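Heads up: the structure comes next, in structure tokens.
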Amino acid sequence: MQHEKLVIIGSGPAGFTAAIYAARADLNPLVLEGKQPGGQLMGTTEIENWPGATEGLTGPKLMSDLREQAKKFGARTEFKYVERVDFSNSDKLHLWIGEEEITADSVIIATGASARWLNLGKGEERYWGKGYSACATCDGAFFRGKTVAVVGGGDSACEEAMFLTKFAEKVYQLVRRDEMRASKPMQQRVLDNPKIEVIWNTAPSNLKGEKILESVELTDTQTQEKQDLKIDGLFVAIGHTPNTGFLGESVELDRGFIKVTDHTKTNVKSVFVAGDVADPHYQQAVVAAGSGCKAALDAEDYLSRLSRY
Ligand code: NDP
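Sequential numbering of the sequence shown, starting at 194, is according to our numbering.
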């Protein structure tokens with residue numbers, strides 16, 4: 194059976210920063226990249242707030258550079274998805290990829306978070322890929338000259354709405370309250386964009402259309418009045434859920450996020466955590482990268498205390 198000193202689960206900025214630090218510390222880490230290699234940044238356009246990136250840095254470019262940097266220092270990366278784990282013996286951690294089993298002295302969990310859906314019932318799945326999407330970067334170009342709507346009032350929704358104006362003729366942004374959660378500069382850009390119309394106090398309550406999405410039923414969150422809005426595409430950007438399903442009860446959670454006990458430590462002494470999977474608050478790439486660095490240093494410290502190293 195394959196035994197590893199350090200396995201890093203996840204390949205976003207947290208996972209690859211952990212890999213860079215761990216590889217430079219000669220820990221010979223194995224990165225299991227998961228179902229969405231590169232993480233959430235693969236679906237973003239230009240990143241304006243990555244320190245030092247004065248212009249032209251895209252999410253996919255940053256992730257490909259981070260992967261290369263980690264590999265340059267000796268990290269091994271594999272496109273494998275961990276389905277379940279058993280951390281009951283903290284001296285020998287077990288991970289399964291299908292039938293394949295890997296054991297490890299130490300693990301860094303950096304599995305991030307996934308887009309949240311509206312949960313409107315079975316109608317939602319029916320329109321998936323037929324006008325209903327959670328990724329403007331992936332699907333925006335299909336809506337050239339069309340009318341689309343973005344759900345949400347956070348930074349992601351504002352970013353998606355602005356990105357979609359490159360293609361769509363008209364972009365509605367559907368905000369469920371009378372104010373947005375997004376940062377002020379983001380909001381201002383949306384409000385200043387002539388192609389975007391914000392509809393306040395409104396939430397989608399139903400999706401309609403014969404074979405593809407044709408309209409969305411909106412409910413006024415104050416009066417409960419309903420109205421149909423004709424659209425060609427609906428993009429949801431209403432936040433994320435931490436990716437912890439594969440952990441079962443192996444690691445303690447706090448409101449769905451991995452509970453951090455001290456620095457990047459979890460309740461299992463050989464398991465560390467980095468990035469959005471343990472961060473209900475900041476959810477920024479640079480914060481995730483910083484926590485990846487911390488998790489690698491904590492894992493290095495833990496491994497250095499084991500008598501066999
Ligand atoms: P947020 O949690 O910040 O915002 C989610 C938005 O969706 C809120 O407006 C929320 O409304 C709304 N919402 C939630 N559920 C529903 C629902 N069922 N129906 C309708 N609306 C709903 O998530 P984001 O993904 O936007 O951002 C996450 C983090 O990432 C934030 O910290 C953000 O700052 C950061 N980020 C930063 C970027 C940048 O700086 N370039 C880009 C993108 C994200 P309500 O406010 O009423 O709860």
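Built from N, CA and C at the ideal position, the CB exists for glycine as well. The structure displayed is predicted, hence computed values, not measured ones.
Quick check on this structure: which residue in the options has the alpha carbon closest to the alpha carbon of residue i?
i: residue 351; options: 220, 336, 390, 318; result: 390
i: residue 244; options: 478, 369, 279, 501; result: 478
i: residue 471; options: 225, 451, 465, 329; result: 451
i: residue 403; options: 425, 284, 386, 336; result: 425
i: residue 462; options: 441, 492, 436, 480; result: 492
i: residue 306; options: 221, 396, 236, 346; result: 236
i: residue 457; options: 261, 486, 344, 498; result: 486
i: residue 346; options: 466, 334, 371, 474; result: 371
i: residue 476; options: 313, 348, 328; result: 348
i: residue 387; options: 373, 379, 364; result: 364
i: residue 228; options: 263, 221, 290, 357; result: 290
i: residue 368; options: 231, 385, 294, 412; result: 412
i: residue 303; options: 455, 439, 283; result: 439
i: residue 209; options: 198, 199, 231; result: 231
i: residue 267; options: 294, 323, 199; result: 199
i: residue 234; options: 381, 201, 308; result: 308
i: residue 418; options: 353, 432, 395; result: 395
i: residue 443; options: 256, 464, 432; result: 464
i: residue 295; options: 314, 224, 336, 382; result: 224
i: residue 340; options: 257, 322, 378, 427; result: 427
i: residue 205; options: 222, 218, 259, 239; result: 259
In this structure, how does DSSP classify residue i when only helix, strand and coil are distinguished?
i: residue 382; result: helix
i: residue 213; result: helix
i: residue 325; result: strand
i: residue 428; result: strand
i: residue 223; result: strand
i: residue 262; result: helix
i: residue 296; result: strand
i: residue 320; result: coil
i: residue 366; result: strand
i: residue 484; result: helix
i: residue 406; result: coil
i: residue 472; result: coil
i: residue 308; result: strand
i: residue 479; result: helix
i: residue 396; result: strand
i: residue 230; result: coil
i: residue 435; result: strand
i: residue 335; result: helix
Could you tell me if residue i is buried or exposed, where buried requires 16 or more neighbouring beta carbons within 10 angstroms of its beta carbon?
i: residue 194; result: exposed
i: residue 241; result: exposed
i: residue 325; result: buried
i: residue 320; result: buried
i: residue 504; result: This structure cannot settle anything about residue 504, because the visible part of the chain is limited to 194 through 502.
i: residue 249; result: exposed
i: residue 216; result: buried
i: residue 436; result: buried
i: residue 405; result: exposed
i: residue 500; result: exposed
i: residue 261; result: exposed
i: residue 197; result: buried
Compute the minimum distance between the beta carbon of residue i and the heavy atoms of the ligand NDP, and state whether it is under 7 Å.
i: residue 468; result: no
i: residue 433; result: yes
i: residue 256; result: no
i: residue 347; result: yes
i: residue 350; result: yes
i: residue 492; result: no
i: residue 476; result: yes
i: residue 376; result: yes
i: residue 373; result: yes
i: residue 242; result: yes
i: residue 422; result: no
i: residue 250; result: no
i: residue 382; result: no
i: residue 215; result: no
i: residue 369; result: yes
i: residue 341; result: no
i: residue 327; result: no
i: residue 464; result: no
i: residue 496; result: no
i: residue 427; result: no
i: residue 411; result: no
i: residue 311; result: yes
Counting contacts by CB-CB distance shorter than 8 Å, is residue i in contact with chain C?
i: residue 299; result: The chain inventory of the structure shown lacks chain C, comprising one protein chain alone.
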